[in-house]
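Visitor:
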Amino acid sequence: QQQVKQSPQSLIVQKGGISIINCAYENTAFDYFPWYQQFPGKGPALLIAIRPDVSEKKEGRFTISFNKSAKQFSLHIMDSQPGDSATYFCAATSADTDKLIFGTGTRLQVFP
Amino acid sequence: NAGVMQNPRHLVRRRGQEARLRCSPMKGHSHVYWYRQLPEEGLKFMVYLQKENIIDESGMPKERFSAEFPKEGPSILRIQQVVRGDSAAYFCASSRTNEQFFGPGTRLTVL
Numbered sequence: 116q117q118q119v120k121q122s123p124q125s126l127i128v129q130k131g132g133i134s135i136i137n138c139a140y141e142n143t144a145f146d147y148f149p150w151y152q153q154f155p156g157k158g159p160a161l162l163i164a165i166r167p168d169v170s171e172k173k174e175g176r177f178t179i180s181f182n183k184s185a186k187q188f189s190l191h192i193m194d195s196q197p198g199d200s201a202t203y204f205c206a207a208t209s210a211d212t213d214k215l216i217f218g219t220g221t222r223l224q225v226f227p
Numbered sequence: 002n003a004g005v006m007q008n009p010r011h012l013v014r015r016r017g018q019e020a021r022l023r024c025s026p027m028k029g030h031s032h033v034y035w036y037r038q039l040p041e042e043g044l045k046f047m048v049y050l051q052k053e054n055i056i057d058e059s060g061m062p063k064e065r066f067s068a069e070f071p072k073e074g075p076s077i078l079r080i081q082q083v084v085r086g087d088s089a090a091y092f093c094a095s096s097r098t099n100e101q102f103f104g105p106g107t108r109l110t111v112l
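Printed below as a string of structure tokens:
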């Protein structure tokens, strides 16, 4: 029940295309859903996050879509750029635990 | 405004030695978390600390691993009698609210 399932494991997108990464969770107590971006040899960097009281959040080219009834959320990267090539992790947590439960990661490659 | 700092960045130990990893949280942050990342895997929670208190250690192995966050100084993750399976990247994160900000990690290699 603590798992967060993430797909796909890897993703190849052409420059200018849309990258879509999906996550699903079971624990209905989760109330905060961040996405992290990680480059090789670096720590994860917080990209964007959402709470379940909204269905969508947009920051620049990055959008989170949230479906509370389906217990799913996704990251959309519009106009994908080669510099977006990295590993993306979804995560979830709740106010009573504070620990982040991470998905297994999606390795994104954007080709020019 | 410095981010989360971790040192050393790389640590090599022989089996049986002790590894000591340090984490200085962002200024104003009183919550510290440790996570472990095995090669090609996601991050796994280990322990959550506030100053002088362990809040949640449900992800810590029962033996050889310990963590502290003293009143003064950095948080320390200690691994005693390291084994090859301890080789991983260890990340520290700090927060003031829900947002956790990660350090660059310590990459531990056990020979």
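Protein chains in written order, with my numbering: chain F, 116 to 227; chain V, 2 to 112. Idealized CB from N, CA, C, for every residue including glycine. Quick caveat, the model's predicted, so the values are computed rather than measured.
#1: At a CB-CB cut-off below 9 Å, which residues of chain V make contact with G218 of chain F?
#2: Quick check on this structure: which residue in V:A94, V:K63, V:K72, V:P71 has the alpha carbon closest to the alpha carbon of I80 of chain V?
#3: Have a look at the DSSP bridge pairing and note the partners of F46 of chain V.
#4: Are the CB atoms of L12 of chain V and L109 of chain V nearer to each other than 9 Å?
#5: Listing by chain order, which chain F residues have their CB less than 9 Å from the CB of Y34 of chain V?
#6: Measure the C-alpha to C-alpha separation of F103 of chain V and C205 of chain F and round it to an integer number of angstroms.
#7: Please go through the segment 145 to 226 of chain F and give each complete beta strand (DSSP E) segment of 3 or more residues, from N-terminal end onward.
#8: Taking 9 Å as the cut-off, decide whether the C-beta atoms of Q121 of chain F and E141 of chain F are in contact.
#9: So if I threshold CB-CB distances at 9 Å, which residues from the segment 160 to 193 of chain F count as touching chain V?
#10: What's the C-alpha gap between H32 of chain V and P26 of chain V?
#11: What is the residue span of the beta strand (DSSP E) that C3 of chain V lies within?
#12: Since E58 of chain V meets chain F, which of its residues come closer than 9 Å, beta carbon to beta carbon?
#13: Excluding five sequence neighbours on each side, which residues of the same chain lie with their C-beta closer than 6 Å to the C-beta of F148 of chain F?
#14: Using only the alpha-carbon positions, how far apart do T65 of chain F and E41 of chain V sit?
#15: Could you give the DSSP three-state label for R23 of chain V: helix, strand or coil?
#16: Report yes or no: do the segment 175 to 195 of chain F and the segment 122 to 142 of chain F share at least 3 C-beta pairs separated by less than 8 Å?
#17: For a quick check, are the C-beta atoms of T73 of chain F and D57 of chain V less than 9 Å apart?
#18: Taking Cβ-Cβ distances shorter than 7 Å, what residues in chain F pair up with F102 of chain V?
#19: Compare the C-beta of Y140 of chain F with all C-beta atoms of chain V and state if any pair is closer than 9 Å.
#20: The beta strand (DSSP E) spanning R79 of chain V covers which residue range?
#21: Against chain F, with Cβ distances strictly below 9 Å, would G29 of chain V count as a contact?
#22: Within its chain, find whatever has a CB closer than 6 Å to the CB of R15 of chain V; leave out the 5 residues flanking it on each side and keep chain order.
#23: Any Cβ of chain V within less than 9 Å of the Cβ of T208 of chain F?
#24: Assuming F70 of chain V and Q51 of chain V make a contact with CB atoms under 8 Å, what is their CB distance in whole Å?
Guide: With the given structure in hand:
#1: G43
#2: V:K63
#3: V:Y36
#4: yes
#5: Residues of chain F whose Cβ lies closer than 9 Å to the Cβ of Y34 of chain V are, in chain order, D213, K214, L215.
#6: 14 Å
#7: 148 to 153, 160 to 165, 171 to 174, 177 to 182, 187 to 192, 201 to 207, 221 to 226
#8: no
#9: A160, L161, A164, R166
#10: The straight-line gap from Cα to Cα measures roughly 8 Å.
#11: According to the sequence shown, residue 3 of chain V is Ala rather than Cys. Note, A3 of chain V: premise wrong, no beta strand (DSSP E); not H, not E.
#12: Residues of chain F passing the Cβ test: none, with the nearest at roughly 10 Å.
#13: I165, F188, A207
#14: This structure cannot speak to residue 65 of chain F, because chain F is shown only from 116 to 227.
#15: strand
#16: yes
#17: Chain F is shown only over 116 to 227; residue 73 of chain F falls outside these bounds and no answer can be derived.
#18: L161
#19: no
#20: 76 to 80
#21: Using beta-carbon distances, G29 of chain V does not count as an interface residue toward chain F, since no partner is under 9 Å.
#22: L112
#23: Yes, T208 of chain F lies at the interface with chain V (some Cβ there is under 9 Å from its Cβ).
#24: 7 Å
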